[in-house]
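Enquirer:
There are 2 protein chains.
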Amino acid sequence: MERVAIIGASMTQFGQREEWIRGLLAEAGGACLRDAGVSADAVDHLYVSNMASGEFEGQTGVPNALAHDLSAVPAYTARIDQTSSSGGAGVYAAWQSVASGASEMTLLVGGEKMTHRSTSEATDVIASLTHPVEYKHGLTLPSFAGLTARHYLDTYDAPRESLGKVAVKNHRNGIDNPHAQFRKEVDLDTVLDSPIVADPLRLYDFCPITDGSAALLLCPESVAREYADDYAVITGIGGATDTHVVHERADPTTMGGVVNSAEVAYEMADVGPDDIDVAELHDMFTILEFLQSEDLGFFEKGEGWKAVEEGVTDRDGELPINTSGGLKSKGHPLGASGVAQVYEIYKQVLGDAGPRQVDAETGLACNVGGFGNCVTTAILEGRQ
Amino acid sequence: MERVAIIGASMTQFGQREEWIRGLLAEAGGACLRDAGVSADAVDHLYVSNMASGEFEGQTGVPNALAHDLSAVPAYTARIDQTSSSGGAGVYAAWQSVASGASEMTLLVGGEKMTHRSTSEATDVIASLTHPVEYKHGLTLPSFAGLTARHYLDTYDAPRESLGKVAVKNHRNGIDNPHAQFRKEVDLDTVLDSPIVADPLRLYDFCPITDGSAALLLCPESVAREYADDYAVITGIGGATDTHVVHERADPTTMGGVVNSAEVAYEMADVGPDDIDVAELHDMFTILEFLQSEDLGFFEKGEGWKAVEEGVTDRDGELPINTSGGLKSKGHPLGASGVAQVYEIYKQVLGDAGPRQVDAETGLACNVGGFGNCVTTAILEGRQ
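Residue numbers (the working numbering), protein chains in the order written: chain A, 22 to 405; chain B, 22 to 405.
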């Protein structure tokens with residue numbers, strides 16, 4: 022297995038953008054190549070992670086268009102879709118491309134263009150990933166989140182305020198992220214007084230609809246020094262699914278896909294949860310940050326909320342989570358989010374995260390599709 | 022690089038099917054596992070190649086649903102889309118999954134459900150892969166095929182009849198394929214007298230709209246004997262793009278993606294065109310069989326048509342092409358086609374192709390997306 026290095030990374034401004042998907046991907050892809058100082062000629066594999074360019078704007082074949090826009094023809098291209106975790110799946114595909122020995126230089130560009138559609142149109146596209154029978158009964162992703170949040174609060178005797186504090190923390194972190202959609206402090210009262218979406222969760226417990234793109238450039242570690250003075254290594258990576266029918270899960274507060282993907286990633290990296298210095302988790306809903314932080318082994322089951330209450334996951338805490346601002350403040354352009362998570366960890370382990378910098382040698386990114394339906398977990402270490 | 026074996030294969034009946042995409046995928050996936058005698062528990066990676074389940078039937082997240090239907094949870098899942106060559110891209114993703122060392126057992130299931138939509142709705146979805154400006158000027162895939170066919174006939178002094186003979190040959194082969202959509206002899210007059218679609222190409226120069234699915238089971242060659250007495254090895258595989266804007270190509274009768282993907286595949290397999298005993302080419306339009314057979318190096322530029330005229334590519338010829346019946350007779354369910362091509366080559370190199378069997382140790386499958394926009398080429402050898 023060839024060891025895989027990340028030698029360049031970029032992300033566009035997340036938010037409401039004028040560009041179509043093709044423009045967003047080209048912006049991030051081009052910036053990533055410039056960041057690494059690598060010519061498009063050197064790219065032999067080009068992956069696009071994107072859930073639904075066909076549904077959102079009637080354009081398919083975007084990887085081929087991107088190869089054109091970046092002058093990367095005849096590089097091999099394909100689109101990787103794993104619904105809301107398409108970005109993480111793209112990272113895994115790009116890793117496989119290099120680890121298999123097929124590629125000497127793989128560019129991954131994740132992106133989604135969503136804000137030109139109404140919120141209900143956009144959520145209808147996302148909801149098409151749910152089980153048709155559950156959906157018919159009103160079990161959309163937000164309603165699953167509400168039910169799970171209620172169950173979590175009841176089971177673990179956690180205060181409603183603890184969920185709100187995830188939003189407060191991630192918005193505070195996002196202030197220092199120039200690419201974030203929302204760069205503003207949000208206080209706990211604002212979260213707790215915002216309109217109910219799926220009780221007990223309120224508007225500020227949810228991430229926004231977002232346009233944006235992010236990119237990574239990967240090559241075998243054996244040649245990484247030829248391109249970069251410092252780079253990150255993907256020391257571990259794994260993916261797993263959980264049941265498509267969410268009500269089949271034995272414990273709704275445990276995300277099997279997180280547990281199983283992390284197990285693979287930890288074993289490959291030969292590390293455990295205690296070795297992780299910083300993490301990006303998929304806080305599409307605030308409750309998901311609790312579940313993931315427990316299922317990744319950072320905290321005992323039912324104790325994730327206490328870590329937030331006690332400031333453990335703050336930027337100056339013992340295990341900072343979502344230093345980027347998370348999906349909550351940064352935004353969630355589906356195909357880009359998992360790539361942008363790895364972008365943040367890449368910056369952190371290279372000491373290049375500016376005002377968001379924490380003390381980190383090893384970082385983890387966990388990207389979740391659906392309601393934990395499919396998950397990828399990646400572990401990075403910096404090499405300087 | 023781990024050497025990758027195919028230890029099982031299946032395909033459903035192609036044609037007009039009642040099942041939705043999810044049912045088609047489950048049918049092929051389940052049959053493939055039974056073919057190999059491998060339990061779903063053993064599958065750690067499950068890829069679905071599919072272009073447009075979201076656009077065709079409003080259902081996304083089908084890999085996760087398939088993991089449920091096959092009882093393959095918590096296997097990692099993702100969807101691979103490379104438009105009409107999604108199947109070949111799926112083969113490449115599945116190969117990378119095993120070759121990288123990440124997977125001990127990967128199931129690939131390709132499929133598409135299209136016939137419930139009208140022909141114009143279905144072709145509108147396919148046309149969304151074309152360049153928006155070219156499309157606006159009427160340059161759809163069929164019109165490119167017509168223009169290219171005219172140019173080919175003029176440049177190489179080939180008779181119109183030679184194109185028709187591709188259709189006649191592939192329909193003749195398809196009679197012996199129980200999974201083919203059309204199992205009927207078609208004579209040359211029928212082809213030549215059929216309605217014009219894009220001059221000089223007529224209705225019988227085009228493949229149909231099709232529902233169907235096909236699957237392959239892959240593992241490291243080092244453990245293949247534990248599962249199968251005979252198996253095929255993917256000795257070479259490569260992918261490449263050509264320009265998204267078709268009119269930018271220097272020579273419209275040369276498919277750069279075919280040339281470049283084949284170069285990688287031949288080099289990896291350490292063989293040349295002369296070593297190929299049987300091939301499945303992407304005859305979405307009859308003209309494409311000429312172009313690919315030349316760009317793969319089987320025949321000199323401008324001589325592909327003579328090979329068909331002289332019977333070289335007949336089932337009893339020197340280099341049989343499309344023994345399965347090709348897309349022309351078998352049908353073209355986008356995400357399944359590239360997988361079904363490899364299914365046919367797998368059967369041929371294992372001597373298991375029944376009445377379609379030819380004398381073959383080494384076979385090649387070439388899957389083409391768009392108008393040669395993206396291409397994968399795979400080379401298989403049998404191990405008995």
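Where a beta carbon is used, it is the ideal one built from N, C-alpha and C, also for glycine.
Which residue's Cα is closest to the Cα of B/Leu213: B/Glu182, B/Thr344 and B/Glu242?
Expert: Out of B/Glu182, B/Thr344 and B/Glu242, B/Glu182 has the C-alpha closest to the C-alpha of B/Leu213.
Enquirer: CA-CA distance, B/Cys240 and B/Tyr252?
Expert: Those two C-alpha atoms are separated by around 10 Å.
Enquirer: Give the interface partners of A/Asn394 over in chain B, defined as CB-CB distance under 7 Å, in chain order.
Expert: Result: Gly82 and Asn85.
Enquirer: Given a threshold of 16 other Cβ atoms within 10 Å of its Cβ, counted over all protein chains shown, does B/Leu184 qualify as buried or as exposed?
Expert: Flag for B/Leu184 reads buried.
Enquirer: Is the CB-CB distance between A/Phe311 and A/Gly332 below 8 Å?
Expert: The answer is no: Cβ separation not under 8 Å.
Enquirer: For B/Arg138, which residues in the same chain have their Cβ closer than 7 Å to its Cβ, ignoring the five residues on either side in sequence?
Expert: Around B/Arg138: Phe77.
Enquirer: Count the other CB atoms, across all protein chains shown, that sit within 10 Å of the CB of A/Thr176; report buried if there are 16 or more and exposed otherwise.
Expert: That one is exposed.
Enquirer: For a contact meaning CB atoms closer than 8 Å, what does A/Tyr177 contact in chain B?
Expert: Within chain B, no residue comes near A/Tyr177; the closest Cβ sits about 24 Å away, beyond 8 Å.
Enquirer: Spell out the partners DSSP gives B/Cys240 in its beta bridges.
Expert: The partner list for B/Cys240 (beta bridge, DSSP) reads B/Ala26.
Enquirer: Could you tell me which chain B residues have their CB closer than 8 Å to the CB of A/Glu133, listed as they occur along the chain?
Expert: Within chain B, no residue comes near A/Glu133; the closest Cβ sits about 13 Å away, beyond 8 Å.
Enquirer: Taking the alpha carbon of A/Ile308 as the point to measure from, which residue in A/Asp291, A/Val285, A/Lys349 and A/Arg336 has its own alpha carbon closest?
Expert: Of the candidates A/Asp291, A/Val285, A/Lys349 and A/Arg336, the one whose C-alpha sits nearest the C-alpha of A/Ile308 is A/Lys349.
Enquirer: Which chain A residues sit within Cβ distance under 8 Å of B/Ala96?
Expert: Simply Ala261 and Thr262.
Enquirer: Under 7 Å Cβ-Cβ, which residues of chain A neighbour B/Thr104?
Expert: Going along chain A in sequence order, the residues near B/Thr104 (Cβ under 7 Å) are Thr81 and Gly82.
Enquirer: So, is A/Ile255 buried or exposed, given that buried needs 16 or more other C-beta atoms within 10 angstroms?
Expert: It counts as buried.
Enquirer: Output the residue ranges of the beta strand (DSSP E) runs that lie fully inside the stretch 25 to 90 of chain A and measure 3 residues or longer, sorted by chain position.
Expert: Those beta strand (DSSP E) runs which fall completely within the stretch 25 to 90 of chain A and span 3+ residues are 25 to 32 and 66 to 70.
Enquirer: Drop a sphere of 10 angstroms on the beta-carbon of B/Ser141, count the other beta-carbons inside from all chains shown, and report buried for 16 or more, exposed for fewer.
Expert: So B/Ser141 ends up on the exposed side.
Enquirer: Could you check how far apart the C-beta atoms of B/Gly122 and A/Ala120 are, in whole angstroms? I think they sit under 8 Å.
Expert: That pair is a contact at about 7 Å.
Enquirer: For A/Val244, count the other beta carbons within 10 Å of its own beta carbon; 16 or more makes it buried, fewer makes it exposed. Which is it?
Expert: Classification of A/Val244: exposed, given that the 10 Å Cβ count is below 16.
Enquirer: In three-state DSSP terms, what is A/Ile308?
Expert: It is helical.
Enquirer: With DSSP as the reference, label A/Ser234 as helix, strand or coil.
Expert: A/Ser234: strand per DSSP, three-state reduction.
Enquirer: For my contact list, B/Ala286 and B/Gly259 are in at a C-beta cut-off of 8 Å; report their separation, rounded to the angstrom.
Expert: About 4 Å; that satisfies the 8 Å criterion.
Enquirer: Using only the alpha-carbon positions, how far apart do A/Lys186 and A/Ser345 sit?
Expert: C-alpha separation (whole angstroms): 16 Å.
Enquirer: Quick one: grab the DSSP three-state call for B/Leu160.
Expert: Three-state result, B/Leu160: coil.
Enquirer: Decide if B/His268 is buried, meaning its Cβ has at least 16 other Cβ atoms within 10 Å, or exposed.
Expert: So B/His268 ends up on the exposed side.
Enquirer: Within the 8 Å Cβ cut-off, does A/Val266 reach chain C?
Expert: Absent here is chain C; the protein component of the structure consists of chains A and B.
Enquirer: Specify, as a first and last residue, the run of the alpha helix (DSSP H) that A/Tyr287 falls within.
Expert: Segment Gly277 to Ala290, the alpha helix (DSSP H) holding A/Tyr287.
Enquirer: Could you confirm whether any beta carbon from chain A is found closer than 8 Å to the beta carbon of B/Gln1?
Expert: A question about residue 1 of chain B goes unanswered here, because the residues of chain B that appear run from 22 up to 405.
Enquirer: State yes or no: is the C-beta of A/Ala49 nearer than 7 Å to some heavy atom of the ligand FAD?
Expert: This structure lacks the ligand FAD, and indeed carries no ligand of any kind.
Enquirer: Which residue wins for smallest C-alpha separation from A/Ala57, given the options A/Tyr173, A/Leu238 and A/Val389?
Expert: Taking only the C-alpha atoms, the option nearest A/Ala57 is A/Leu238.
Enquirer: For the alpha helix (DSSP H) containing A/Tyr113, list its first residue and its last residue.
Expert: Start and end: Ser107 to Ala120.
Enquirer: Determine the DSSP secondary structure at A/Asp102, reduced to helix, strand or coil.
Expert: Strand, per DSSP.
Enquirer: Among A/Ala47, A/Leu160, A/Val370 and A/Val189, which has the Cα closest to the Cα of A/Ala86?
Expert: It is A/Ala47 whose Cα lies nearest to the Cα of A/Ala86.
Enquirer: Looking at the unbroken alpha helix (DSSP H) that takes in B/Tyr367, where does it start and where does it end?
Expert: Its alpha helix (DSSP H) spans residues Leu355 to Val370.
Enquirer: Leaving out five residues on either side along the sequence, give the residues of the same chain with a beta carbon under 6 Å from the beta carbon of B/Gly390.
Expert: Gln103, Thr104, Ser105 and Ser106, listed in sequence order.
Enquirer: Taking 8 Å as the threshold, find out whether the stretch 186 to 205 of chain B comes into contact with the stretch 371 to 383 of chain A through three or more Cβ pairs.
Expert: No contact exists between the stretch 186 to 205 of chain B and the stretch 371 to 383 of chain A.
Enquirer: From the DSSP output, in three-state form, read off B/Tyr177 for me.
Expert: Coil.
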